[in-house]
Amino acid sequence: MWDLVRALSDGRYAPHGYCLLWQPGLVWTHVVSDLLIAAAYFTIPIALISFIRRRRDVHFGWMVWLFALFILACGTSHLMQVWNLWHGDYALEGLVKAITAFASVPTAILLWRLIPQALALPSPRQLALANAELEGLVDERDAALARLTTEIAKRERAEEALVQARKIDAIGRLTGGIAHDFNNLLQAITGNLDLIQQRPGDQARVARWAENALKAVDRGTRLTGQLLAFSRTQRLELKPLSVDPMIVGMLDLVRRSIGPAIELHTRLEADGCRVQADQTQLELALLNLAINARDAMPEGGRLIIATREVMLVDHQELEPGRYVEVAVADTGQGMSDEIRERALDPFFTTKGVGRGTGLGLSMAFGVARQSGGTLNLNSAPGAGTTVTVLLRCVEGAVAQPEAVVAIERAPPPAPQGLELPVMVIDDDDQVRDAIVDGLRSLGYTVLPFASGAAALRARADRRPALTVVDFAMPGLNGADIARQIRAEEPAARIVFVSGFADSAAIDPFAGPHTRVLRKPFQSGDLARVVAEMLADQAE
């Protein structure tokens, strides 16, 4: 071992040039060749390392590093050969060759082991074919997506057409139902008025015919109220209400309405919760549900009215919280899926002619929604029907905004403030003439106008003590006129005459100096409200 060390460190070796007899041509041939080979060997690792650093995704990158080390060692051995032409450092040259051997042998062994894996890699042609196949699949996918998009568009158009057809069908049923019922009412009114016109001197019969006409008007008023309840535009007097006592109070009416052939059962378990609702409308809705249940059990059965408190956590339509569930269930014939889907449509009915308007369920649904709740319908053929109304519980007395005072019919009072002028604004000539004639027959001084613009101009010359204005008019409507009047005279007395329940537009004018007359109204209603509004001024 020590002999090897001494041999490597012995500086007495002759330069390799002696072996070449120092012939210049031969010496420089070796020098130039070895330098060129060394330069190439040094360049190759630099190129490999630069490539592998830029393409870190290349397979077997570690093999490239090992091969670069082998090439670098080879280039160093050629430099040592040039050096030893003039120096005898064969020990250093041997060490470089040992390093080269150490790098080359593992490289060669590992290279043979990597050949199968390298052969398994796809060739450029295979990659090109794979890419072409992939592009074909992508084209097929794009074509399929285009067909799917076209199909979805067709389906959406078909669904829109179906929805539109259903809307048209619903509108057709709605208008047909309204036309049918109102034609009946108009016939009753026209027939009685025609009889009055034919025999005006027969006072007894005239009174009876007039009463029949007024009854027809009352039926029309109830019908429009049901329509407005369905459309959720009718103003409700929402107040805190305990549902259980309300139901107990209307049980006698329900029993009389359903008849003795049907057993009435109640399970009232929601006494500890109050809801925000209009008691009159809610009672009417529940009575309609009971009558529908009666009609579904022509041979008798059982009607159950049940209440309970429920806690809603995840509901599609309602916010989470405590609710009162009012269920009206019957043991009748039930509904098919097709009938159940259309049951809430206005004027849809499966009853015979003259046995209902088809507004009961739709009216109950409208009242429930306007009260902040909803209505659910569960039914199956032969399994009866259960209608469930959900209403949100409220805590304590809920403060209500000051409401516009509603006018109820009463005997006409004695006229007040006959010397004070009353302005009447209505674009309908017949309605305006009826109001004007009614007021003049009581002795009032009336200023009639067909438009708001003309009425506002006339106020500059003569300011009335009271303005009776139709709410829905072309140009300036009742709200626009009232807004301009109140801008000049904040305490001006105004009576809105409305056949459209747009309470949201009237609410800003609510107060002691505002009243609302809902069409149709009788002359006594008009006389009472005018007398009330002018009473304090007449004093």
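Under my numbering, read the sequence shown as residues 390 to 928, first letter to last. A virtual CB, placed ideally from N, CA and C, is assigned to each residue, including glycine. Everything numeric in this text was worked out from a predicted model, so none of it was measured.
Beta-carbon gap between residue i and residue j smaller than 8 Å
| i | j | result |
| --- | --- | --- |
| Leu915 | Gly827 | yes |
| Leu671 | Val783 | no |
| Gly638 | Glu698 | no |
| Gly406 | Leu481 | no |
| Val835 | Arg829 | yes |
| Leu692 | Ile647 | yes |
| Phe431 | Gly464 | yes |
| Leu678 | Val776 | yes |
| Asp815 | Val886 | yes |
| Phe898 | Ala854 | no |
| Gln705 | Arg781 | no |
| Ile438 | Ile460 | no |
| Ala659 | Val632 | yes |
| Arg663 | Pro629 | yes |
| Pro909 | Val595 | no |
| Phe860 | Ile895 | yes |
| Ala602 | Leu627 | no |
| Asp869 | Gly900 | no |
| Leu923 | Leu750 | no |
| Val873 | Leu906 | What sits at residue 873 in the sequence shown is Gln, not Val. No; because the gap between Cβ atoms is not below 8 Å, this pair is not in contact. |
| Ala492 | Leu458 | yes |
| Leu455 | Thr496 | yes |
| Val471 | Leu516 | no |
| Asp719 | Ala685 | yes |
| Val857 | Ile824 | yes |
| Ala753 | Ala682 | no |
Reduced DSSP secondary structure (H/G/I, E/B, other) of residue i
| i | result |
| --- | --- |
| Ser631 | strand |
| Cys408 | helix |
| Ala885 | The sequence shown places Phe at residue 885, rather than the Ala named in the question. Strand, per DSSP. |
| Glu714 | strand |
| Thr720 | coil |
| Asp591 | coil |
| Glu791 | Here Glu791 scores only 38 on pLDDT, less than 50, and its place in the model should not be relied on; the value that follows carries that caveat. It is coil, neither helix nor strand. |
| Asn581 | helix |
| Leu707 | coil |
| Asn765 | strand |
| Leu474 | coil |
| Ala695 | strand |
| Pro810 | strand |
| Val783 | strand |
| Pro837 | strand |
| Val702 | coil |
| Gly773 | coil |
| Arg904 | strand |
| Gly913 | helix |
| Gly689 | coil |
| Arg744 | Its pLDDT being 48, under 50, Arg744 is placed unreliably by the model, and the measurement read from it follows with that caveat. Note: Arg744 maps to coil in three-state DSSP. |
| Leu750 | helix |
| Leu455 | helix |
| Leu855 | strand |
| Glu797 | In this predicted model, Glu797 has a pLDDT of only 44, less than 50, meaning its place in the structure is not dependable enough to derive any value. |
Outcome for residue i when other beta-carbon atoms lying within 10 angstroms are tallied against a minimum of 16
| i | result |
| --- | --- |
| Thr696 | buried |
| His467 | buried |
| Asn520 | exposed |
| Trp598 | buried |
| Glu714 | buried |
| Arg445 | exposed |
| Phe440 | exposed |
| Arg882 | buried |
| Leu410 | exposed |
| Arg904 | buried |
| Arg544 | exposed |
| Met812 | buried |
| Leu526 | exposed |
| Leu779 | buried |
| Met700 | exposed |
| Val421 | exposed |
| Gln789 | Here the model assigns Gln789 a pLDDT of 40, short of 50, so the residue's position is not dependable, and the following value carries that caveat. So Gln789 ends up on the exposed side. |
Does the count of Cβ pairs from the segment 718-726 and the segment 753-762 closer than 8 Å reach three?
no
Meets three-Cβ-pair contact criterion under 8 Å: the segment 484-492 and the segment 402-422:
no
Ranges of the alpha helix (DSSP H) found wholly within the segment 636-680, counting only runs of at least 4:
640-647
Segment contact flag, the segment 646-653 with the segment 767-782, C-beta cutoff 8 Å, min 3 pairs
no
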